[in-house]
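Number of protein chains: 2
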Amino acid sequence: MPVFTPDTVRTELQDIPGHPCGPARMLRYSDSGGLTQFGAFVEILPPGSRSSLCHWHEREDEMVYMLEGQVTLWEGGTARLLNPGEAATFRAGDPAGHYLRNDGTAEARYLVIGTRAGADRITYPDHDRIIDYDDRAGVETITTLDGRPAAESPYYLPGA
Amino acid sequence: MPVFTPDTVRTELQDIPGHPCGPARMLRYSDSGGLTQFGAFVEILPPGSRSSLCHWHEREDEMVYMLEGQVTLWEGGTARLLNPGEAATFRAGDPAGHYLRNDGTAEARYLVIGTRAGADRITYPDHDRIIDYDDRAGVETITTLDGRPAAESPYYLPGA
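Taken in order, these protein sequences are the chains called F and A.
My numbering numbers the first residue of the first sequence as 1 and each following residue consecutively.
My numbering numbers the first residue of the second sequence as 1001 and each following residue consecutively.
Quick look at the structure:
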């Protein structure tokens, strides 16, 4: 029976020196069960870390459901706190860049749900980057916001 | 900013006399935010109620993440308890019928996530029914497990 506990779920530690988002831990429930149509994982965000760079998806719906602690949700340049039992939704194609940041002193825990479209365009408005990818074709391209080819991922820009 | 609290999220009370699953309350977070690619809602299940009839989906991945209380997960004829922080995954096409039941004395709360494929075949192995639907074509057909036309939904069979 495909049931996963915090002890048996596939866990990923993201702790890359210099990574602009800081460390985080992901409990990958949907991947553990072999689901492919959406991703659903618990992210454990220590104080000072953020979920991602500011971004929005052309093709994939996203949602965050708060479990424990508190994060600041930035979207389209404005901020608000997100508390347990609250959820934020991000519609595919809505050009409002968003990310979460833990500005508190305690660990925060939330469930992230996102469609797995297999091909998408992700825009990073604060970092002058657009990533286009198509998993089936095995293609990924990185450009600036005005479409010029760019070598660097937004995650590895100086000062990102 | 599309943020929903338990007070602002669209809430649905299912309390139909004679319904085989008993009453339940759904906090429809993803619908409140206008997401269409997956459904993600919190279900509040009182003692004695169940999430659904035993069923499995041909085309839609499903997942349940336990938030509060405890439910019994039945799948493929076997049962286990599901506690907060645990998740069960149900892959599209895996022919293991499943449902949750609250056999305890306290309310249970869990997040349900499911793809919105727009067309699917749902099999109810314990109720001799298959529902095929296609939202775009506006078609729904109900048959028995061996393919004979059937008038009644599995939810409204005598003794369901």
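For each residue, glycine too, the CB sits at the ideal point set by N, CA and C.
Since the structure is predicted, the reported quantities are computational estimates derived from the model, not experimental observations.
For residue j and residue i, believed in contact at Cβ under 8 Å, the rounded distance
{"i": "Leu1145/A", "j": "Ile1130/A", "result": "6 Å"}
{"i": "Thr1011/A", "j": "Leu1027/A", "result": "6 Å"}
{"i": "Ile113/F", "j": "Phe1038/A", "result": "7 Å"}
{"i": "Leu35/F", "j": "Arg1091/A", "result": "6 Å"}
{"i": "Cys1054/A", "j": "Tyr1124/A", "result": "6 Å"}
{"i": "His1107/A", "j": "Pro1046/A", "result": "First, the amino acid is wrong: residue 1107/A is Glu here, not His. Rounded, the Cβ-Cβ distance is 6 Å, consistent with contact."}
{"i": "Leu100/F", "j": "Val139/F", "result": "Their Cβ separation, rounded to whole angstroms, is 29 Å, which puts Leu100/F and Val139/F out of contact at 8 Å."}
{"i": "His1098/A", "j": "Leu1073/A", "result": "7 Å"}
{"i": "Thr115/F", "j": "Ser1030/A", "result": "So it is not a contact: roughly 11 Å between Cβ atoms."}
{"i": "Pro5/F", "j": "Gly1085/A", "result": "Note that residue 5/F corresponds to Thr in the displayed sequence, not to Pro. Rounded, the Cβ-Cβ distance is 7 Å, consistent with contact."}
Within-8 Å CB hit, residue i to chain A
{"i": "Pro2/F", "result": "yes"}
{"i": "Arg101/F", "result": "no"}
{"i": "Met63/F", "result": "yes"}
{"i": "Thr89/F", "result": "yes"}
{"i": "Arg80/F", "result": "yes"}
{"i": "Glu86/F", "result": "yes"}
{"i": "Glu12/F", "result": "no"}
is_contact[residue i, chain F] using C-beta, thresh 8 Å
{"i": "Ser1030/A", "result": "yes"}
{"i": "Ala1040/A", "result": "yes"}
{"i": "Pro1095/A", "result": "no"}
{"i": "Thr1036/A", "result": "yes"}
{"i": "Gly1033/A", "result": "yes"}
{"i": "Pro1006/A", "result": "yes"}
{"i": "Ala1092/A", "result": "yes"}
{"i": "Leu1045/A", "result": "no"}
{"i": "Glu1058/A", "result": "no"}
Where residue i falls, given that 16 or more other Cβ within 10 Å makes a residue buried
{"i": "Gly1069/A", "result": "buried"}
{"i": "Glu1060/A", "result": "buried"}
{"i": "Tyr1065/A", "result": "buried"}
{"i": "Pro1158/A", "result": "exposed"}
{"i": "Glu1152/A", "result": "exposed"}
{"i": "Gly1048/A", "result": "exposed"}
{"i": "Met1001/A", "result": "exposed"}
{"i": "Ile1044/A", "result": "buried"}
{"i": "Ala1040/A", "result": "buried"}
{"i": "Pro17/F", "result": "exposed"}
{"i": "Leu1082/A", "result": "buried"}
{"i": "Gly93/F", "result": "exposed"}
{"i": "Gly33/F", "result": "buried"}
{"i": "Ala1137/A", "result": "exposed"}
{"i": "Ala1079/A", "result": "exposed"}
{"i": "Pro1149/A", "result": "exposed"}
{"i": "Ser1095/A", "result": "Checking the displayed sequence, the identity of residue 1095/A turns out to be Pro instead of Ser. So Pro1095/A ends up on the exposed side."}
{"i": "Leu67/F", "result": "buried"}
beta-carbon residue i near the ligand MG non-hydrogen atom, thresh 7 Å
{"i": "Thr1123/A", "result": "As far as ligands go, the structure on display features none, and thus does not contain the ligand MG."}
* Select from the stretch 1108-1142 of chain A all residues with a C-beta closer than 7 Å to any C-beta belonging to chain F, and list them in chain order. => Leu1111, Ile1113, Thr1115
* To do: Only counting runs of 3 or more residues, tell me where the beta strand (DSSP E) segments fall wholly within the stretch 54-124 of chain F, in order along the chain.
  => You should have 62-68, 71-75, 78-82, 87-90, 98-101, 108-115, 119-124.
* Going along the chain, which unbroken runs of the alpha helix (DSSP H) with 4 or more residues stay wholly within the stretch 6-44 of chain F? -> Listed in chain order, the alpha helix (DSSP H) runs fully inside the stretch 6-44 of chain F are 29-32, counting runs of at least 4 residues.
* According to a CB-to-CB cut-off of less than 8 Å, which residues of the stretch 65-77 of chain F neighbour chain A? -> Within the stretch 65-77 of chain F, the residues whose Cβ lies closer than 8 Å to any Cβ of chain A are, in chain order, Tyr65, Leu67, Leu73, Glu75, Gly76.
* To do: For the stretch 119-158 of chain F, list the beta strand (DSSP E) runs that are entirely contained and at least 3 residues long, ordered along the chain.
  => 119-124, 129-134, 139-143
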